[in-house]
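K.L.:
Quick one: structure below, then a few questions.
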Amino acid sequence: MNERVLAIVETVLQKSSREHPADAVLRAELKRQEALPPLLARRVAEAVFAYYRWRSWVELEPAAGTGRERIPLALSFQDRFETEPTSFTDAELVTRAVPDWISKHLTITPSWVRALQSKARLWLRTHPDQRHELAARLKDCRVPAASGLAGALEYCGDRDLFRTSEFHEGLFELQDLSSQAVGLICAPKPGETWWDACAGEGGKLLHLSELMANKGLIWASDRAAWRLRRLKLRAARARVFNYRLALWEGGAKLPTKTKFDGILVDAPCSGLGTWQRNPHARWTTTETDVEELALVQAKLLRHAAAALKPGGRMIYAVCTMTRAETTQLIDQFNQSIVGLEPLPVRNPARLDEPPAAQVWLGPADGGNGMFIAAWGKAR
Numbered sequence: 025m026n027e028r029v030l031a032i033v034e035t036v037l038q039k040s041s042r043e044h045p046a047d048a049v050l051r052a053e054l055k056r057q058e059a060l061p062p063l064l065a066r067r068v069a070e071a072v073f074a075y076y077r078w079r080s081w082v083e084l085e086p087a088a089g090t091g092r093e094r095i096p097l098a099l100s101f102q103d104r105f106e107t108e109p110t111s112f113t114d115a116e117l118v119t120r121a122v123p124d125w126i127s128k129h130l131t132i133t134p135s136w137v138r139a140l141q142s143k144a145r146l147w148l149r150t151h152p153d154q155r156h157e158l159a160a161r162l163k164d165c166r167v168p169a170a171s172g173l174a175g176a177l178e179y180c181g182d183r184d185l186f187r188t189s190e191f192h193e194g195l196f197e198l199q200d201l202s203s204q205a206v207g208l209i210c211a212p213k214p215g216e217t218w219w220d221a222c223a224g225e226g227g228k229l230l231h232l233s234e235l236m237a238n239k240g241l242i243w244a245s246d247r248a249a250w251r252l253r254r255l256k257l258r259a260a261r262a263r264v265f266n267y268r269l270a271l272w273e274g275g276a277k278l279p280t281k282t283k284f285d286g287i288l289v290d291a292p293c294s295g296l297g298t299w300q301r302n303p304h305a306r307w308t309t310t311e312t313d314v315e316e317l318a319l320v321q322a323k324l325l326r327h328a329a330a331a332l333k334p335g336g337r338m339i340y341a342v343c344t345m346t347r348a349e350t351t352q353l354i355d356q357f358n359q360s361i362v363g364l365e366p367l368p369v370r371n372p373a374r375l376d377e378p379p380a381a382q383v384w385l386g387p388a389d390g391g392n393g394m395f396i397a398a399w400g401k402a403r
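Right, here's the structure in full:
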């Protein structure tokens with residue numbers, strides 16, 4: 025392995041912790057490197073993620089030691105899995121690829137853990153009318169099989185997409201396929217008024233705005249001002265202007281008195297659905313996180329629902345699969361809320377399935393694990 029790559033990977037592993045997630049440390053370290061070629065940067069990322077995917081195996085290897093020699097060993101497990109997946113038994117993967125406490129919160133299946141041990145796919149979102157032109161310009165792109173995901177492209181090349189002219193021209197966003205499905209399920213119309221209640225850095229807001237043809241209005245709120253500042257920068261590059269920003273902690277006092285045609289509650293969650301893309305989180309997320317976040321999600325839904333217009337729709341989305349944050353939470357919400365009814369929606373990744381008020385997506389569809397529920401308010 026290239027010595028420079030090995031040294032950077034070792035630094036990332038040493039600095040990573042629950043307070044300093046590996047993906048954030050990785051971005052910072054790569055930014056610090058002077059003129060690191062994109063191919064080497066990709067090798068660094070692959071090695072970091074391979075280490076956390078195969079950490080349980082590496083730590084039980086007697087000859088692994090405790091230092092940088094563990095890194096090529098983790099990569100060797102990744103290579104073996106990709107070339108000889110059946111050399112790892114289902115029982116071995118189920119018991120070692122994820123922490124033990126997970127089994128109390130969802131059913132661990134061999135297909136799920138095998139997906140977690142595979143490399144995540146990189147998805148772009150562009151305007152459907154520009155998809156084929158963008159694919160020709162970037163090269164190394166694939167169109168997804170699902171016809172309902174018309175703006176999606178899978179990128180399979182080695183270029184640093186953030187440095188491309190196409191990115192700086194605002195021709196695409198990096199957005200996971202399941203996150204793109206959330207915006208399509210929201211299906212906002214030009215001229216409507218929407219609220220992105222947990223907007224973060226604005227990934228889904230940009231999609232909502234595109235679907236609205238930059239017409240109408242989107243209120244974007246978050247509890248962190250720094251996330252909203254980043255949202256402004258992203259919106260400017262994407263030429264999105266039909267939004268307003270407001271801080272909101274999730275309490276009963278809403279950020280505006282506006283009533284909305286649609287509300288998206290893309291709630292903070294335990295993030296199990298991202299464990300293929302972000303394997304470090306498997307070892308830092310705790311059972312307490314799940315329990316505490318379920319209470320936050322219930323509060324967000326209850327308070328946000330008060331801002332919905334008659335005839336409006338509310339969408340709840342979390343990139344996790346624990347019962348406490350998905351079906352159990354929704355059952356409790358449906359029993360406590362008055363005036364909202366579950367709203368059947370179509371899964372854009374599986375248009376052959378009938379509409380349903382609860383939608384699941386996952387690695388089998390190509391992206392992160394995602395749970396989506398929808399309600400409508402009577403007129």
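Read in order, the letters of the sequence shown correspond to residues 25 to 403 in the working numbering.
All C-beta atoms, glycine included, are put in the ideal place defined by N, C-alpha and C.
Keep in mind the model is a prediction, meaning the values are calculated, not measured.
Does the separation of the CB atoms of Arg-306 and Tyr-76 fall below 8 Å?
P.N.:
In this structure, Tyr-76 lies closer than 8 Å to Arg-306 by Cβ.
K.L.:
Rounded to the nearest angstrom, what separates Leu-269 and Ala-249 at their Cα positions?
P.N.:
Their Cα atoms are separated by approximately 10 Å.
K.L.:
For the alpha helix (DSSP H) containing Gln-382, list its first residue and its last residue.
P.N.:
Premise fails: Gln-382 lies in the beta strand (DSSP E), 382-385, not in any alpha helix (DSSP H).
K.L.:
According to DSSP, simplified to helix, strand and coil, what is Arg-42?
P.N.:
In the structure shown, Arg-42 sits in coil (DSSP, three-state: anything other than H, G, I, E or B).
K.L.:
Counting pairs of beta carbons, one from the segment 108-125 and one from the segment 303-318, are three or more of them closer than 8 Å?
P.N.:
A contact exists between the segment 108-125 and the segment 303-318.
K.L.:
Check the DSSP bridge columns for Ser-245 and list the partner residues they point to.
P.N.:
In the DSSP output, where bridge partners are listed per residue, Ser-245 has Ala-270.
K.L.:
Look at the alpha carbon of Lys-283 and the alpha carbon of Gly-335, and state the distance between them as a whole number of angstroms.
P.N.:
Between Lys-283 and Gly-335, the C-alpha separation is close to 11 Å.
K.L.:
Can you tell which of Ser-171, Pro-62, Thr-119, Val-264 has the C-alpha that lies nearest to the C-alpha of Thr-188?
P.N.:
The shortest Cα separation from Thr-188 among Ser-171, Pro-62, Thr-119, Val-264 belongs to Pro-62.
K.L.:
Is the segment 147-167 touching the segment 107-118 in the sense that three or more CB pairs, one from each, lie closer than 8 Å?
P.N.:
Contact between the segment 107-118 and the segment 147-167 is absent, because fewer than three Cβ pairs lie under 8 Å.
K.L.:
Do you know offhand how far Cys-210's Cα is from Leu-232's?
P.N.:
Those two C-alpha atoms are separated by around 8 Å.
K.L.:
Any contact of the segment 353-367 with the segment 250-269, i.e. 3+ C-beta pairs under 8 Å?
P.N.:
No contact exists between the segment 353-367 and the segment 250-269.
K.L.:
For Arg-145 versus Gly-295, is the C-beta distance shorter than 8 Å?
P.N.:
No, Cβ-Cβ distance for Arg-145 and Gly-295 is not below 8 Å.
K.L.:
Taking the alpha helix (DSSP H) that Trp-81 belongs to, which residues open and close that run?
P.N.:
From DSSP, the alpha helix (DSSP H) with Trp-81 extends over 79-83.
K.L.:
Quick check on Thr-217: does DSSP put it in helix, strand or coil?
P.N.:
Note: Thr-217 maps to strand in three-state DSSP.
K.L.:
Closest by CA to Cys-180, which one among Arg-66, Ile-95, Leu-84, Glu-85?
P.N.:
Considering only alpha carbons, the answer is Arg-66.
K.L.:
Do you know whose CA, among Val-68, Ala-121, Lys-277, lies nearest Glu-83's CA?
P.N.:
Per the Cα distances, Ala-121.
K.L.:
Do Glu-53 and Val-410 have their beta-carbon atoms positioned less than 8 Å apart in this structure?
P.N.:
This structure gives no information on residue 410, because the portion of the chain shown stretches from 25 to 403.
K.L.:
Taking only the alpha-carbon atoms, compute the straight-line gap between Asn-371 and Ile-339 and give it to the nearest angstrom.
P.N.:
Between Asn-371 and Ile-339, the C-alpha separation is close to 13 Å.
K.L.:
Could you check how far apart the C-beta atoms of His-44 and Thr-346 are, in whole angstroms? I think they sit under 8 Å.
P.N.:
Not quite, the Cβ-Cβ distance comes to about 24 Å (not below 8 Å), so this is no contact.
K.L.:
For Ile-339, write down the residues that DSSP places opposite it in a beta bridge.
P.N.:
Leu-288, Ala-398.
K.L.:
Determine, using beta-carbon pairs with one atom in the segment 378-390 and one in the segment 317-337, whether at least three such pairs fall under 8 Å.
P.N.:
Taking 8 Å as the limit for Cβ pairs, the verdict is that the segment 317-337 does not touch the segment 378-390.
K.L.:
Using three-state DSSP, classify Val-320 as helix, strand or coil.
P.N.:
Val-320 falls in the helix class under three-state DSSP.
K.L.:
Would you mind stating whether Ala-398 and Ile-354 have Cβ atoms separated by less than 8 Å?
P.N.:
No; because the gap between Cβ atoms is not below 8 Å, this pair is not in contact.
K.L.:
Let me make sure I understand the geometry here. Which of Asn-302, Pro-279, Glu-349, Trp-78 has the alpha-carbon closest to that of Ala-331?
P.N.:
Nearest C-alpha to Ala-331: Pro-279.
K.L.:
Please classify Lys-55: does DSSP put it in a helix, a strand, or coil?
P.N.:
Helix at Lys-55.
K.L.:
If you follow the alpha helix (DSSP H) that Pro-134 is part of, which residue opens it and which one closes it?
P.N.:
That run of the alpha helix (DSSP H) goes 134-140.
K.L.:
So, helix, strand or coil for Trp-307, using DSSP?
P.N.:
Correct three-state label for Trp-307: helix.
K.L.:
Can you give me the Cβ contacts of Thr-150 inside the same chain, cut-off strictly under 7 Å, excluding the 5 residues immediately before and after it?
P.N.:
Once the five neighbours on either side are set aside, the close Cβ partners of Thr-150 are Leu-158, Gly-175, Leu-177, Leu-195, Phe-196.
K.L.:
Is there contact between the segment 202-217 and the segment 240-257, where contact requires at least three CB pairs shorter than 8 Å?
P.N.:
Because the criterion of three Cβ pairs below 8 Å is met, the segment 202-217 and the segment 240-257 touch.
K.L.:
How many Å lie between Ser-40 and Gly-207 at the Cα?
P.N.:
Approximately 32 Å, taken between the alpha carbons.
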